[in-house]
Structure formats: C-alpha cells, structure tokens
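For the numbering used here, count along the sequence shown from 1 and bump the result up by 485.
Idealized CB from N, CA, C, for every residue including glycine.
The model shown is predicted, which means the values in this text are computed figures rather than measured ones.
Working notes for the structure below.
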Amino acid sequence: MKKTLLYSALVAFLVTGTTLGVFSWFQQGSNRTVKIEHIDGNPAKSIGWTVDKNGEAVPLDFTGVAEKVVNAVVHIKSTQAVSARQDAPNSFRQLPDPFREFFGNPEDSPFFRFENPHGNGPQLRVGTGSGVIINKDGYIVTNNHVVADAEDLEVTLYDNRTFKASVIGTDPSTDLALIQVKGKDLPTLPLVNSDDVKVGEWVLAVGNPLGLNSTVTAGIVSAKARNINILREQYAVESFIQTDAAINPGNSGGALVNLQGGLVGINTAIASPTGTYAGYGFAVPANIVSKVVEDLLQYGVVQRGVLGVMIRSVDGNLAQEKGLDVTKGAYVDSLLVNSAAAAAGIQPGDVVVEVEGKAIHSSPELQEMIARYRPGDKVMVKVDREGKEKSFEVVLNNRQGSTALVEKPEQKDAISMLGAEFETLSSDAARKLDIEGGVKVTKLFAGKLRKYTDMREGFIITKVDGRAVNNVQELAQALEGKNGGVMLEGIYEDIPGVRYYAFGMQ
C-alpha cells in the first residue's frame with residue numbers, strides 16, 4: 486500500500502468559523518528534553534526530564550495526566566447490516582486507504598467480525614473506534630468514518646459501563662461526528678485552544694487501538710496545519726496536527742491531549758506503508774472540533790462560511806515563478822462565482838498573509854481559520870499585493886453564494902428514502918407464488934436500497950423485520966419511525982428461495 490502523504494497543489498476553498506465558548510488556556514513552558522543515564526551499582530535506566538519556565542529540570546511524568554484523561558475516552562462499536570453479496574460504494578473496501586488502515590480491516594482484524602445468521606441473508610459488519618466525552622450531557626466527539634452508515638452504536642466507558650448511542654450530527658468535510666449517550670456521572674475532557682499548541686510540545690494519544698482498550702502513548706507535536714489529501718469531500722477542511730505519538734487502527738476518534746489534560750485534537754488518520762504505526766498520526770485541531778460541535782448542536786448542520794477563492798501554499802518555487810515578494814502565505818489563483826473575496830476587493834495574484842490578526846503561512850492554515858466562521862460573518866483579511874500589504878473586510882458567503890445561514894435538510898419520509906417505486910402484488914400473482922401477499926419493487930433509483938444492497942428490480946417484499954406486509958401502505962407503516970437497521974425479507978419470481986436485504990435508516 487502506498488504511503489499516504491499526498492498534497493493538493495490547488496484546493497477549492499470554502500470554510501467557516503467562531504469557536505465554541507471559552508477555551509481553557511495554559512502557558513506552555515520550554516519543552517527541551519534531557520536524557521540522563523544513571524550508571525551505578527543498579528541496572529541502568531533512562532529517565533526523561535523537561536525544563537520548566539524557570540529553567541529548572543523536572544521529571545517528565547505522564548502518570549498524572551494519563552489517569553486524568555483515560556476515563557473520558559470511550560470505546561465505540563458500530564454495527565452495519567449488509568446483504569451477503571454487498572459491495573456497496575461506502576463499503577470498507579471503498580474507504581480511502583488511510584481510513585481503511587486506521588479503522589482496521591474487518592477481514593483481518595480481531596476487532597471486526599462478520600455474522601450471517603440466515604445463510605445467504607444479511608451480514609453484520611462490526612467495527613470499532615474511539616470517542617471523547619466532552620460534557621456531562623453525554624455528548625461524544627468521534628470521527629465521521631467511525632459512525633457513518635451504522636445502524637447501531639454501542640459505547641463502552643473506561644469503567645465498563647455500556648450505553649447505546651444516537652447520532653446528533655456529522656460533518657464529512659472535517660471527518661467529525663457528534664453522538665450522545667444518556668448516563669450519569671460521566672467523565673469529560675475540556676477542549677483547549679489548539680492555536681496555543683506548539684511544535685515540539687509533548688502530547689498523549691488516548692484510544693482503543695488494535696482491540697486494546699484505554700491505551701495511552703506519548704510523543705510530540707511534529708507539525709501543524711498538515712494537509713494530507715485524505716478527505717474525499719469537495720469542500721474538505723484539512724489542517725491536521727501531526728504527532729509521532731503511536732497511533733494504530735482503532736484510535737479513530739480518540740483524544741490527543743496536552744500535559745495539562747486538555748483536548749487539543751481528535752485523532753483521525755495515520756501515514757503508514759503497513760497499516761499500523763509508522764511514525765506519524767494526524768488529529769483534527771480542537772478549534773475546528775469546537776466549531777463543528779457548536780453548529781451541530783445549535784443548527785443541526787455545520788455552517789460553513791465561504792471565502793470563494795482557489796488557493797495554493799506559497800513556497801520558494803511559486804514565489805520565484807510568480808515574482809512574489811513573500812515566501813509564505815496562501816496564493817490566490819482565481820476567484821469563484823459569487824466570491825465573497827472578490828466582492829471585498831481581493832484579486833487573483835494576491836497572497837493572503839493574515840486573517841483576523843493571525844499570520845497565515847499556508848493554504849491549510851487559511852482553510853482552518855476561515856473554517857471558524859459562518860456565512861454572514863465579517864473577517865479582516867490582509868494580503869500582499871506586489872510587495873504592498875492591503876487589508877479587506879470580507880463578508881463570508883455560504884456555498885450557494887449568499888450570506889444566509891444554511892437550514893437543516895428536511896427528513897424524507899421512510900419509504901421515499903429507499904429510492905424505489907413499489908406496487909402491491911395482485912392476489913392472483915400472490916396465489917401463483919404461494920404467498921399471502923407482498924409489495925413488488927418495480928423500479929430502483931438513488932436511495933438506500935441501491936446504495937447498501939444488491940437488490941434487483943422485481944424483488945417482492947413479504948416482511949419487514951419479521952412483520953408481514955401485503956401492500957404498499959403496510960410497507961410504509963412498517964418502515965415509519967425506523968432509525969436503525971432494517972431487514973427486508975422476500976422472494977424473486979424467477980429465483981427459488983427466500984432472500985434477505987439489510988440496511989440502515991439513519
């Protein structure tokens with residue numbers, strides 16, 4: 486498998502903002518580390534030391550923070566029902582390689598399994614990941630790819646309490662999801678300002694890798710604002726914190742914390758030629774997490790402000806090619822239709838060097854900054870234009886080109902979500918097939934059935950979750966209110982035997 490560290494030279498740029506609430510703030514001291522070898526009559530051992538803000542050497546001890554954070558990091562088991570021969574577009578094999586490695590291979594992994602209780606009927610695809618409890622109401626942040634298409638979510642706490650979880654909302658553009666459990670006395674981790682995280686700072690990765698619950702590893706922040714081109718979304722926001730703390734499959738959605746026990750990021754991906762730890766992991770910064778959580782709770786959907794530019798990171802080669810006076814920033818290649826940047830006066834060839842007083846060194850940093858704002862928000866953008874700095878007040882748009890907030894899409898009725906046309910089987914046809922009645926699938930188009938099963942047109946549905954259905958009205962009634970897994974039972978006129986198709990209604 487190829488190592489996944491591919492960088493996009495040109496990214497379509499749309500994003501959002503305002504951070505959630507008030508962040509905890511910690512003064513980071515110098516993290517210079519000294520290794521001291523004790524050579525005496527006892528066996529030699531290596532002890533880590535760090536230097537505090539006064540220049541004094543203090544032991545580097547992770548035990549306190551580890552004890553503090555493990556309680557709030559949970560194990561997530563997701564179950565998805567699939568038909569026996571399913572190879573759906575969103576199946577495991579279709580996941581981007583880094584996610585496939587990070588989430589674990591269900592065919593090889595001890596923490597994935599397939600169950601097929603009906604022979605040629607549906608299978609249960611079971612995967613595991615991690616999550617972080619962020620408040621006493623039971624809200625848990627994890628990765629979208631951990632919970633996507635799951636019919637059932639089971640959360641296990643450090644104290645072995647187990648809860649069913651419901652999905653509050655997801656944001657594929659950042660690969661984040663918010664789920665909730667109902668419980669008492671839940672431990673939590675505070676979100677901190679990830680802008681304060683420094684390269685070289687010690688961090689701990691906490692999660693449930695390789696089926697091993699509550700695992701803590703230590704490392705440093707290796708880099709910030711990394712774009713590894715992993716998210717397959719048109720408006721993806723990638724500005725990862727990179728760390729060398731050991732991260733393995735099952736860590737998806739786990740915590741990256743500082744030595745004060747503050748949540749600085751959500752572990753999301755690894756760069757590896759083998760599928761296991763090979764030096765680098767990547768976490769979504771807490772400031773992006775905060776914005777996504779706030780939007781999902783307040784609006785039910787993420788409000789993503791749009792600058793409306795095509796950009797790429799400035800480096801020495803680009804500076805020389807374009808005759809730029811700066812070697813850092815986000816170069817504006819072109820402006821999109823209904824561009825907020827264009828309306829404010831920004832032009833192609835400008836280099837964005839600052840947003841709201843924060844220096845911009847690359848296109849991922851610009852993405853991360855704009856991702857904190859909503860449509861209609863005003864942001865001050867400073868650019869370098871032919872060696873001179875100019876500032877512009879930009880009113881951000883939404884993806885449709887207006888400043889209005891986006892409304893949560895209305896839920897479709899259950900039967901329309903299947904993506905099919907149905908007709909009640911006639912009594913004569915039912916008698917010839919020796920069945921009491923059923924509903925025939927006359928046409929398939931985009932929807933749950935085509936996406937998650939290999940059902941063909943002509944299938945006759947006789948039962949929904951074991952409940953007999955003899956007409957279209959009974960089918961609609963059987964599906965109404967379903968928000969988890971559904972199993973359809975039925976037959977084909979030209980194929981002997983009963984068939985089963987399973988999928989999720991979430």
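Tell me which residue opens and which closes the beta strand (DSSP E) that residue i is part of.
| i | result |
| --- | --- |
| Y479 | Because residue 479 is not part of the residues shown, which for the chain are 486 to 991, the question remains open. |
| R789 | Unbroken run through R789: none, as it is neither H nor E. |
| E878 | 873-880 |
| Y430 | Lying before the first or after the last residue shown, residue 430 is absent from the chain, which here runs from 486 to 991. |
| G766 | 765-770 |
| K480 | The requested residue 480 does not occur in the structure, where the chain is confined to residues 486 to 991. |
| P866 | In the sequence as presented, Pro is not what sits at residue 866; that position holds Val. Its beta strand (DSSP E) spans residues 863-870. |
| A740 | 740-742 |
| A905 | 905-909 |
| D639 | The sequence given here has Glu at residue 639, not Asp. Unbroken beta strand (DSSP E) run through E639: 637-641. |
| T927 | 924-929 |
| T673 | It is not in any beta strand (DSSP E) - T673 carries neither H nor E in the DSSP assignment. |
| K649 | 647-649 |
If you draw a straight line from the C-alpha of residue i to the C-alpha of residue j, how long is it?
| i | j | result |
| --- | --- | --- |
| Y977 | L782 | 45 Å |
| N968 | D681 | 40 Å |
| F648 | A899 | 26 Å |
| S679 | V749 | 5 Å |
| D869 | E850 | 16 Å |
| L929 | T909 | 16 Å |
| G975 | L820 | 53 Å |
| D634 | V971 | 12 Å |
| Q852 | R789 | 11 Å |
| Q885 | S901 | 26 Å |
| G685 | F988 | 46 Å |
| D637 | K683 | 38 Å |
| A996 | G922 | The chain is shown from 486 up to 991; residue 996 falls before or after that span and cannot be answered. |
| L890 | V983 | 48 Å |
| V843 | Y624 | Before going on, a small fix: residue 843 reads as Lys here, not Val. Approximately 30 Å, taken between the alpha carbons. |
| D780 | P657 | 14 Å |
| T564 | Y985 | 17 Å |
| N629 | L716 | 11 Å |
| D818 | I855 | 17 Å |
| T689 | L545 | Checking the sequence, you will find Leu at residue 689 rather than Thr. Straight-line Cα distance between these residues: approximately 13 Å. |
| G943 | L661 | 38 Å |
| G764 | N714 | 18 Å |
| K873 | V866 | 14 Å |
| L934 | R941 | 9 Å |
| K936 | V722 | 26 Å |
| G540 | G704 | 22 Å |
| S615 | E639 | 11 Å |
Could you please give me the residues that DSSP links to residue i through a beta bridge?
| i | result |
| --- | --- |
| G704 | V688 |
| Q805 | The partner list for Q805 (beta bridge, DSSP) is empty, contrary to what the question assumes. |
| D656 | L661 |
| S798 | A815 |
| T613 | K562 |
| Y1076 | The question about residue 1076 has no answer here: the residues shown for the chain are numbered 486 through 991. |
| I755 | G766 |
| R711 | F725 |
| A953 | K948 |
| K967 | In the DSSP output, where bridge partners are listed per residue, K967 has none listed. |
| A844 | E839 |
Over the uninterrupted alpha helix (DSSP H) stretch that includes residue i, give me the two end residues.
| i | result |
| --- | --- |
| P849 | 848-855 |
| T938 | T938 -> no alpha helix (DSSP H), and no H or E assigned at all. |
| V438 | Residue 438 falls outside the range modelled here, since the chain spans only 486 to 991, and no answer is possible. |
| S901 | 899-902 |
| A826 | 825-829 |
Got a sec? Which residues, its chain only, sit under 7 Å from residue i by beta carbon, not counting five neighbours each side?
| i | result |
| --- | --- |
| A768 | F725, I726, T728, L741, G750, I751, N752, T753 |
| S651 | I664, Q665 |
| S824 | G793, V794 |
Excluding sequence positions up to five away, which residues of its chain have a Cβ less than 6 Å from the Cβ of residue i?
| i | result |
| --- | --- |
| G746 | V550, K553, V554 |
| L744 | V550, W687 |
| A804 | T812 |
| V957 | F907, T909, V924 |
| F547 | A703 |
Within the same chain, show all residues whose beta-carbon is closer than 8 Å to that of residue i, passing over the 5 residues directly before and after it, in chain order.
| i | result |
| --- | --- |
| K893 | Y784, G785, V786 |
| K807 | Y816, G834 |
| L674 | V554, A557, V558, V617, I618, I619, A740, V742, G746, G747, L748 |
| G526 | Any answer about G526 is weak, because its pLDDT of 39 lies below 50 and its placement is not dependable; what the coordinates show is given next. Within the same chain, G526 has no close Cβ partners at all. |
| L809 | V799, L803, Y816, V836, D869 |
| R711 | E723, S724, F725, I726, Q727, F767, P849 |
| G966 | A899 |
* To do: Evaluate contact between the stretch 639-647 and the stretch 549-565, counting only Cβ atoms and requiring at least three cross-stretch pairs below 8 Å.
  => yes
* Asked: Pairing CB atoms from the stretch 837-854 with CB atoms from the stretch 789-798, are three or more of them under 8 Å?
  -> yes
* Validate contact between the stretch 685-703 and the stretch 731-739 using beta carbons, cut 8 Å, 3 pairs -> yes
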